[in-house]
Each structure stands twice: as structure tokens, then as C-alpha cells.
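In terms of my numbering, the sequence shown is residues 84 to 364. The structure under discussion appears below in the form of C-alpha cells.
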Amino acid sequence: MSSLATASLPAHEPLRLIPVSDPDDPRIADYRDVRERDLVGRRGLFMAEGEVVLRLLTAHGGRDLHSVLVSQASLPRIADALDLLPRNVPVHVAGQAVMDAIVGFHIHRGILAVGRARPQVPAPELLASLPERALVVALQGITNHDNMGGIFRNAAAFGADAVLLDAACCDPLYRKAIRVSVGASLIVPTARAGTTTEMMEAIAAAGFDLVALSPSGRERLSDIVPGGRQAALFGTEGPGLPPEVLASTRTISIPMAAGFDSLNVATTSGIVLHHLSRTGG
Numbered sequence: 084m085s086s087l088a089t090a091s092l093p094a095h096e097p098l099r100l101i102p103v104s105d106p107d108d109p110r111i112a113d114y115r116d117v118r119e120r121d122l123v124g125r126r127g128l129f130m131a132e133g134e135v136v137l138r139l140l141t142a143h144g145g146r147d148l149h150s151v152l153v154s155q156a157s158l159p160r161i162a163d164a165l166d167l168l169p170r171n172v173p174v175h176v177a178g179q180a181v182m183d184a185i186v187g188f189h190i191h192r193g194i195l196a197v198g199r200a201r202p203q204v205p206a207p208e209l210l211a212s213l214p215e216r217a218l219v220v221a222l223q224g225i226t227n228h229d230n231m232g233g234i235f236r237n238a239a240a241f242g243a244d245a246v247l248l249d250a251a252c253c254d255p256l257y258r259k260a261i262r263v264s265v266g267a268s269l270i271v272p273t274a275r276a277g278t279t280t281e282m283m284e285a286i287a288a289a290g291f292d293l294v295a296l297s298p299s300g301r302e303r304l305s306d307i308v309p310g311g312r313q314a315a316l317f318g319t320e321g322p323g324l325p326p327e328v329l330a331s332t333r334t335i336s337i338p339m340a341a342g343f344d345s346l347n348v349a350t351t352s353g354i355v356l357h358h359l360s361r362t363g364g
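See the structure below:
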């Protein structure tokens with residue numbers, strides 16, 4: 084164990100700090116060629132990146148983490164968070180050049196972690212488990228990882244109880260989506276819900292009032308009274324929600340300046356969730 088690795092960490096029950104000097108070290112195989120792994124998938128694993136995300140995971144116990152890889156330069160500033168990890172989670176420490184060679188590009192944040200994604204329960208089961216006052220985000224066809232991450236960040240920020248994804252949505256545990264969500268996609272309860280129709284049926288069966296967002300919505304967001312079991316449905320950028328969905332759902336709009344009627348879907352979700360999460364106090 085290097086002197087640098089031990090200098091800033093508590094002496095009691097030391098972490099498993101493992102110096103890495105060879106990019107081909109088999110112990111860090113999960114971190115090799117990160118961008119290629121993004122494309123081919125990680126077989127139920129996720130990769131988290133950056134200090135903010137790691138701090139969130141360690142604050143939640145770090146139980147889903149398999150290991151951590153940090154640069155020597157990043158270790159001192161993240162040592163307090165690493166000390167919250169279970170002691171069976173190894174922390175690999177490498178020089179910046181070695182870390183760059185491992186991941187295949189310059190990883191300026193200097194902090195990566197690999198973990199196992201939690202098993203998802205079926206959407207009806209997740210919805211049934213929620214309290215009488217609950218707020219759910221429902222997503223149709225969100226394929227942009229920036230938008231996905233932004234929506235999850237908003238869901239966590241405004242206390243949404245769950246996020247439902249239709250079959251066409253991208254993976255919220257893709258590395259970029261996790262990073263943009265600042266780790267929220269790892270902690271907000273989530274379920275795949277099949278087609279949009281199946282998702283809407285599950286929401287209705289669980290006793291939720293569903294509203295769908297559209298620039299042509301028949302009601303204004305400000306007219307919706309927060310409370311009870313509510314779900315908000317957001318569609319993909321550009322086309323938005325299909326006409327048949329809008330025709331069969333209570334639709335709401337966010338009034339905007341004349342001549343402009345479009346917001347990014349992640350921005351829209353933040354405005355809607357802020358309103359629906361209000362307690363009136």
C-alpha cells in the first residue's frame with residue numbers, strides 16, 4: 084500500500100487500497116476501454132463517474148458498489164467519502180497516466196466506480212408499494228441520455244417517488260445518464276412498463292391521476308392542484324406524445340411567450356415536478 088494512499092485516510096479498519104501501476108492489471112478489467120463498454124453494455128453492471136456521484140453513493144451506504152478506481156491526485160479530496168464504503172469494496176489507486184491508459188481517454192475527474200444495478204420490480208408492484216400521496220414520472224420514448232439524466236435529477240430534487248420507462252426509453256444507467264443525473268438514476272425507484280399503453284394502464288390501475296405534457300394541452304399547469312396520487316407523462320423531444328395518447332389523457336401545457344411554445348423535456352419535467360411537489364405550506 085502506497086504512503087500516499089494511507090496518508091489522508093483514518094487508521095481504523097483501513098480501506099482496501101490497492102496501488103495499480105499496470106494498465107493491464109486484471110483486477111481493474113471492468114474499467115478498461117470505458118467508451119467501448121458504453122456501447123456494448125456491462126451485463127448488469129453500471130459505471131459511475133465523478134466526485135458528486137460517488138459521494139451520493141457512499142452517503143447511501145455504497146452497498147451496490149463492486150470497486151472504485153481513483154487517481155492519486157483525487158484520493159485526498161475524496162478520502163472522507165471513501166471511508167464510508169463497506170470494507171469489502173476495494174479502492175484501486177493509480178497515477179493519472181495509468182488511469183488514462185486503463186479507461187482509454189483522459190479521465191480528468193479521476194474518479195470511477197463500478198457497481199451492480201439493483202433488480203427492478205414490475206411496474207404494477209412498484210406503483211402498489213407507493214404511499215397514498217405519491218408523485219410518479221412516466222417517460223415515453225426518451226432516447227437522449229442527457230435528457231434522461233436531467234429528468235432523473237429533477238425527479239430526485241423534487242421528491243418524485245418513482246420513474247416509469249416505456250420500452251423505447253434509453254438506459255438510465257448508461258454512464259453519461261448517471262453523470263448528468265448526478266447519481267439520481269441510481270437511487271430513484273425505477274421500472275420498465277412495456278408499451279406506453281401498458282404503462283398508462285398500470286398507472287390508472289394503481290389509482291393515479293395521470294396528466295400528459297403537451298404545448299397544446301387543454302389545461303394549464305397552474306390549474307392542477309398538487310396532492311394525492313399523481314403521475315406526469317413526458318414524451319420524446321420533437322414529436323412529443325402520440326395523438327392517441329393525448330386524446331385519451333388529461334393534457335396540460337406550460338404557457339410561454341408569444342411565438343415560442345417549446346421547452347427541452349428535462350426543463351419541462353423540472354417545472355412540472357416543482358409544481359406537483361408543492362405542499363401548499
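The beta-carbon is built from N, C-alpha and C at its ideal position, and this holds for glycine as well.
- By the Cβ test, the region 235 to 246 is not in contact with the region 324 to 337, since fewer than three Cβ pairs between them sit closer than 8 Å.
- Contact between Arg118 and Gly187 is confirmed by a C-beta separation of about 6 Å, below the 8 Å threshold.
- Around the beta carbon of Ala274, 16 or more other beta carbons lie within 10 angstroms, which makes this residue buried.
- Between the region 201 to 208 and the region 298 to 317 there are fewer than three inter-stretch CB-CB distances shorter than 8 Å, so the stretches are not counted as touching.
- In this structure Ala177 is not in contact with Leu128, their Cβ atoms being roughly 20 Å apart against a cut-off of 8 Å.
- In its chain, beyond the 5 residues on either side, Asp244 and Arg312 have a beta carbon closer than 7 Å to the beta carbon of Ala217.
- By the Cβ test, the region 129 to 142 is in contact with the region 179 to 194, since at least three Cβ pairs between them sit closer than 8 Å.
- In the three-state DSSP reduction, Ser336 falls in the strand class (E or B).
- As DSSP reads the structure, Ser154 sits in a beta bridge with Ala177.
- In the DSSP assignment, Thr351 falls within the unbroken alpha helix (DSSP H) covering Val348 to Leu359.
- With fewer than 16 other CB atoms across the displayed protein chains lying within 10 angstroms of its CB, Pro322 is exposed.
- Burial state of Val263 is buried, judged by a 10 Å Cβ sphere holding 16 or more other Cβ atoms.
- Of the candidates Ile234, Asp113, Val103 and Ala288, Val103 places its Cα closest to the Cα of Gln155.
- For the pair Pro255 and Pro159, the Cα-to-Cα distance works out to about 30 Å.
- Leu324 is a Cβ neighbour of Ala295, given a cutoff of 8 Å.
- Taking a 10 Å sphere around the C-beta of Gly144, we find fewer than 16 other C-beta atoms and assign the residue as exposed.
- The beta carbon of Arg115 sits closer than 7 Å to the beta carbons of Ile185 from its chain, once the five residues preceding and following it are set aside; these are given in chain order.
- Secondary structure within the region 189 to 256: the alpha helix (DSSP H) runs of 4 or more consecutive residues, fully enclosed, are 206 to 211 and 228 to 240 (chain order).
- Proximity to Leu148 across Arg170, Ala314 and Ala162 peaks at Arg170, based on C-alpha coordinates.
- Counting along the chain, no beta strand (DSSP E) covers Leu269, and no H or E run does either.
- In this structure, His358 sits away from Pro298, with a CB-CB distance that is not shorter than 8 Å.
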